[in-house]
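Line by line, the protein sequences give chains H and W.
Residue numbers for the first sequence follow the numbering used here, so the first one is -12 and each next one is one higher.
Residue numbers for the second sequence follow the numbering used here, so the first one is 3 and each next one is one higher.
Cβ coordinates follow ideal geometry from the N, Cα and C atoms, glycine included.
The structure displayed is predicted, hence computed values, not measured ones.
A short worksheet on the structure shown next.
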Amino acid sequence: MRGRIYSIIVDVLFLVILAGLAYLQILRWPLYHDLSRKNHIRLIPMPGLRGTIYDRNGLAIVDNRLSFDVVIIPQEVENVDTTYGRLSLALGISRSRIESIVKKDYTAPFAPITIAGDVDKDLAFRLEEKKQELPGVLVLPRTLRWYIYGERTSHMIGYLSLINKKELERLGDYGYSISDLVGRDGIERAYDKYLKGEDGGTQLEVDATGRLVKILGSKNQKKGTDITLTVDAKLQAYAADCLEGVKGSVVIMDPRNGEILAMVSSPSFDSNIFVERGKGEQAVNYMRSGSHPMLNRAINGQYPAGSIFKIIMSDAGLETKTITEHSTFTCSGKFFLGRAEFDCWKEGGHGPQDLRDAITHSCNVYFYNLGHKLGPNVISEYSQKFGLGKPTGIDIAGESAGLVPSPAWKKARRGQNWYEGETINYAIGQGDLLVTPLQMVEVVSVFATEGNAPRPHLIKKIGNADVQVPKPKTIPVSKAAIGTIKSAMVNVVASDTGTGQRARIEGIKVAAKTGTAQTPNGEPHAWFLGFAPAGDPKIAFVVMVEHGGHGGVTAADIAKKILDFAKDNTEIFK
Amino acid sequence: MKNGYKLKGEFDYGLVLITAVILLMGLFVIYSASYQKLVSSNANLAMRQVNSAALGLVIAAAIFRIGYQRIIDFSYYIFGLNILFLVLVLVPGIGDVRYGARRWIEFGSFAFQPSEFAKVTFIFALAKYLGDIKEGIAELKALIIPFAMAVVPILLIFKEPDLGTALIFIPILLTMLLIAGARPKYLLFMIGAGLACAPFLWFILKDYQRARLLVFLNPNLDPLGAGYTIIQSKIAIGSGGIFGKGWLSGTQNQLNFLPERHTDFIFSVVGEEWGFIGGALLLFLFYRFVGKGIRIAETTSDTYGKALAYGITTMFAVHVIVNIGMVCGIMPVVGLPLPFVSYGGSFLIMSLACVGILENIKNKRKVF
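The structure is reproduced here in structure tokens:
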């Protein structure tokens, strides 16, 4: 009995559904058929906007700008001959080119085909005015990524390009589609999932002449999350200008928390090229260029450290009690190891030098002696302690690890024994040792903060939320040793015999170290690193100029210009 | 076999055939509904659905072999375990948030929705209770435990939030109680009490759930927002007409204007591309499916099996009626997938397992 009632209820409900279906599909078919008829429905896609990227002071570094595309809706083109003819005239592209684009990109009669992208604004308006005469031709607004600082921020920011097949397989489930631009390199890549917006679109009902009757539905596009960087855009731009025409990089960081204030690599490329149509050739040129403009030298360039390595050597000497701050070696300009002779950069020598003198004058002989006493294993140990040989963990991809050699490494890697002479070279940052500018800014931060190594990072806020940054690592160093080296680094700039005196800044005490790294071919690389103000460091910096000659000249000059600018034009020292 | 019957080996080939046809239709529709996805991002949802179906088939066969009676013995524990999973889903870090709801638990690359399985484990637990208590169900106090058994998963699933899945426990509970012999006046009292509480429910609904109910009353209230899907769905189905626009040719579908069209709104693709003929055929197959379920329930002599079969049948019937009613604009949008047709692994596996259970009940119907 109850089963019977149940069956009846089920029967009735199924009948109601069937009736509903019949009502929609048979009785109301004319209405809905009309609404969905292909030539009365138009889809206007609205691609999602990427989030804006701001600098630490709220200046936009990367934004979106409006551009106009000329598109054809095939089914609405009344007269192919006149339409193509007129378009060809207006756009300055040949008729056959238009025909081939339409043929290639055709998907459906109502789906727009882009004939020309990012056209001139005046042309867009002229076409828009004449749209009655050219049925089927539309001007659609579109937003393009706009890298406001162009070449000056490209390495840090990265660029966009079309998603590739492999990425699509991985990201397809997260709402990426084949026409999406995805971030390559830098911030655009590292924070792509936040920056990416969501596509939307509007479905319109139009009459036979293509005029809007009503909006049937629309899905709003969404803008991605805005991102605030730790970078000071003005300082970044200025630093980039200072590197114009040379190969090299500059990294400026707040040593207290790891916030990167500027990070420049030169030569650079223009991220805008990858967004604009028809600039593909220029992009290919970048990739092929012998000067490697796409290489981010600040994080990816690996160089011998040269004399800037001496600050690590000094710490190793003091902490292992191999020397005291008063230990003295006499520099005659030469150091002999068996029959081999190692030169100081100063012919004739520096005479007797204690540690402070040796750092101030960057005396090689002093460090040859020290290195000889320490041996390669201790030097490697201290290099690693300061973070060399592995990436710093900055929040963008592509960082190099550098290389910290040791006898064990050499045996394992090359199957060769370590020569004593290599130790002598090692002591002044030459030989197999390789460092990146970013690693060195972290090294110098340890001296600035007397023992803290922050994690370098570029991101400050995602949307309105502050980003949690790992606490600075505490490096086990003796404060006394660091203090001694710091005072010597002040002398490098302040002393009249210091190698870095060109970097003196009025009103701010700078602590620094110069470096001139020999290379097998060409001029040596010039290094200059340091922090300021020496008493209460607010910035740590590294300037690196490939084949720039003496660090005390080329690199120090650039550092001085940047520090002067920072003092007068930014909030950093305030 | 007049007057005689086999003790064992009865098998409803018709039920399996109907299931297979619906499943096959579903694969074609999913392929079409996700065709743009396939073209643009290479995500072959139909192929993934085939994999789920294969797994579901294995599980259905396993359940058929094990036998529902053995599962009934453990059903309280299984139900308890399922409740535990429903709690875990709500724990941040364990439950996976997708589309704004916390419904999934992930194991490596495999994710499942405990709420889908809760429907069946609840039916099993309730069947055990009803079979144990027999005639005692006529007492009012006997209704307390079933009521409590339903409220716990309802509240947990409601919290995810998944309104559709939470609400389906109610018709299943009422049907199983009614068939087991509960007094209709008590059940009517329960319904009345529930309706009396409904206005309070309004306040705990999420904004979008309220919007959906209001939009159901008048879709043009918010044509670009909450009413959008239902308007698009009606245009799709209505424009399909009698014969449909043909497979892969539905403009509403292929234009990406139907959100969730491979899951809850899959029937709108059926309606648009296969027309009234295809839609009515699918509806008829579901009607036959439900009829077979009722028949199996009615012809078993085992009280447990009967309760179980009614519970499962009701679950399918509600899914079909609410889902198709929803996409046609006859019912509010409450997110219930269409059995064997909507894309989704957990639900498909669970549905196939249920067919295995129905077959097993039929198979053993006269053993007792």
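Quick one: list the residues of chain W neighbouring residue i, beta-carbon separation under 8 Å, in chain order.
{"i": "residue 20(H)", "result": "240, 241 and 243"}
{"i": "residue 12(H)", "result": "239, 240, 242, 243, 244, 273, 277, 278 and 281"}
{"i": "residue 387(H)", "result": "In chain order: nothing, as chain W lies at least about 33 Å away."}
{"i": "residue -7(H)", "result": "177, 180, 181, 296 and 312"}
{"i": "residue 81(H)", "result": "Under the 8 Å cutoff, chain W gives no residues; its nearest Cβ is about 30 Å from residue 81(H)."}
Using DSSP with H/G/I as helix, E/B as strand and the rest coil, what is residue i?
{"i": "residue 292(H)", "result": "coil"}
{"i": "residue 26(H)", "result": "Only weak support is given to the placement of residue 26(H): the predicted model assigns it a pLDDT of 48, under 50, and the value that follows is read from those uncertain coordinates. DSSP places residue 26(H) in helix when its eight states are reduced to three."}
{"i": "residue 388(H)", "result": "coil"}
{"i": "residue 119(H)", "result": "coil"}
{"i": "residue 562(H)", "result": "In this structure chain H extends from -12 to 561, so residue 562(H) is not present and cannot be described."}
{"i": "residue 444(H)", "result": "strand"}
{"i": "residue 361(H)", "result": "helix"}
{"i": "residue 3(W)", "result": "Any answer about residue 3(W) is weak, because its pLDDT of 40 lies below 50 and its placement is not dependable; what the coordinates show is given next. Here residue 3(W) sits in coil by DSSP."}
{"i": "residue 307(W)", "result": "helix"}
{"i": "residue 496(H)", "result": "coil"}
{"i": "residue 225(W)", "result": "Residue confidence for residue 225(W) is low, a pLDDT of 49 falling below 50, so the modelled location carries little weight and cannot support an answer."}
{"i": "residue 515(H)", "result": "strand"}
{"i": "residue 249(W)", "result": "coil"}
{"i": "residue 3(H)", "result": "helix"}
{"i": "residue 45(W)", "result": "coil"}
{"i": "residue 378(H)", "result": "coil"}
{"i": "residue 277(W)", "result": "helix"}
{"i": "residue 9(W)", "result": "Low local confidence applies: a pLDDT of 46 at residue 9(W) is under 50, so the model's placement there is unreliable, with the coordinate-based value given in what follows. The answer is coil: DSSP assigns residue 9(W) none of H, G, I, E or B."}
{"i": "residue 405(H)", "result": "coil"}
{"i": "residue 400(H)", "result": "helix"}
{"i": "residue 138(W)", "result": "helix"}
Since residue i and residue j should fall inside the 8 Å C-beta cutoff, what is the C-beta to C-beta distance between them, to a whole number of angstroms?
{"i": "residue 138(H)", "j": "residue 278(H)", "result": "Actually they are not in contact, since the Cβ atoms of residue 138(H) and residue 278(H) sit about 13 Å apart, beyond 8 Å."}
{"i": "residue 11(H)", "j": "residue 236(W)", "result": "6 Å"}
{"i": "residue 444(H)", "j": "residue 456(H)", "result": "6 Å"}
{"i": "residue 501(H)", "j": "residue 514(H)", "result": "7 Å"}
{"i": "residue 366(W)", "j": "residue 69(W)", "result": "7 Å"}
{"i": "residue 24(W)", "j": "residue 362(W)", "result": "At roughly 20 Å, the Cβ-Cβ gap does not stay under 8 Å, so residue 24(W) and residue 362(W) are not in contact."}
{"i": "residue 485(H)", "j": "residue 347(H)", "result": "5 Å"}
Check the Cβ of residue i against every Cβ in chain W and list those closer than 9 Å, keeping chain order.
{"i": "residue 16(H)", "result": "240, 241, 242, 243, 244 and 278"}
{"i": "residue 294(H)", "result": "Those do not exist, as residue 294(H) stays about 50 Å from chain W at its closest Cβ, beyond 9 Å."}
{"i": "residue 58(H)", "result": "Neighbours of residue 58(H) on chain W: none; closest Cβ ~16 Å, over 9 Å."}
For a contact defined as C-beta to C-beta under 9 Å, what are the partners of residue i on chain H?
{"i": "residue 327(W)", "result": "0, 3, 4 and 7"}
{"i": "residue 199(W)", "result": "By Cβ distance, chain H contributes nothing, its closest Cβ being about 23 Å from residue 199(W), past 9 Å."}
Under the DSSP definition of a beta bridge, which residues are partnered with residue i?
{"i": "residue 322(H)", "result": "329(H)"}
{"i": "residue 103(H)", "result": "57(H)"}
{"i": "residue 340(H)", "result": "316(H)"}
{"i": "residue 461(H)", "result": "439(H)"}
{"i": "residue 528(H)", "result": "239(H) and 517(H)"}
{"i": "residue 565(H)", "result": "Only positions -12 to 561 of chain H appear in the structure, and residue 565(H) is not among them; the question remains open."}
{"i": "residue 41(H)", "result": "47(H) and 215(H)"}
{"i": "residue 185(H)", "result": "209(H)"}
{"i": "residue 253(H)", "result": "235(H)"}
{"i": "residue 453(H)", "result": "448(H)"}
{"i": "residue 33(H)", "result": "187(H)"}
{"i": "residue 113(W)", "result": "108(W)"}
{"i": "residue 146(H)", "result": "171(H)"}
{"i": "residue 82(H)", "result": "DSSP output for residue 82(H) lists no bridge partner at all."}
{"i": "residue 247(H)", "result": "240(H)"}
Against residue i, what residues of chain H qualify as contacts under a CB-to-CB distance less than 8 Å, listed in chain order?
{"i": "residue 96(W)", "result": "By Cβ distance, chain H contributes nothing, its closest Cβ being about 20 Å from residue 96(W), past 8 Å."}
{"i": "residue 236(W)", "result": "11 and 19"}
{"i": "residue 108(W)", "result": "None at all; the shortest Cβ gap to chain H is about 13 Å."}
What does residue i touch in chain H if you count any residue whose Cβ is under 7 Å from its own?
{"i": "residue 180(W)", "result": "-11"}
{"i": "residue 123(W)", "result": "Near residue 123(W) there are no residues of chain H at all, since even the closest Cβ is about 23 Å away, more than 7 Å."}
{"i": "residue 300(W)", "result": "-10"}
Using beta carbons (cut-off 8 Å, strictly below), is residue i in contact with chain A?
{"i": "residue 148(H)", "result": "The displayed structure is made up of protein chains H and W, and chain A is not among them."}
| What residues in the stretch 126 to 159 of chain W have a beta carbon less than 9 Å from any beta carbon of chain H? | none
- Query: Using a Cβ cut-off of 8 Å, which residues of the stretch 308 to 319 of chain W contact any Cβ in chain H, in chain order?
  - Reply: 312 and 319
Output, in sequence order along the chain, the residues in the stretch 282 to 295 of chain W whose CB is closer than 9 Å to any CB in chain H. 282, 285, 286, 288, 289, 292 and 293
* Asked: Along the stretch 321 to 348 of chain W, what residues have a CB closer than 7 Å to any CB found in chain H?
  -> 323, 326, 327, 330 and 332
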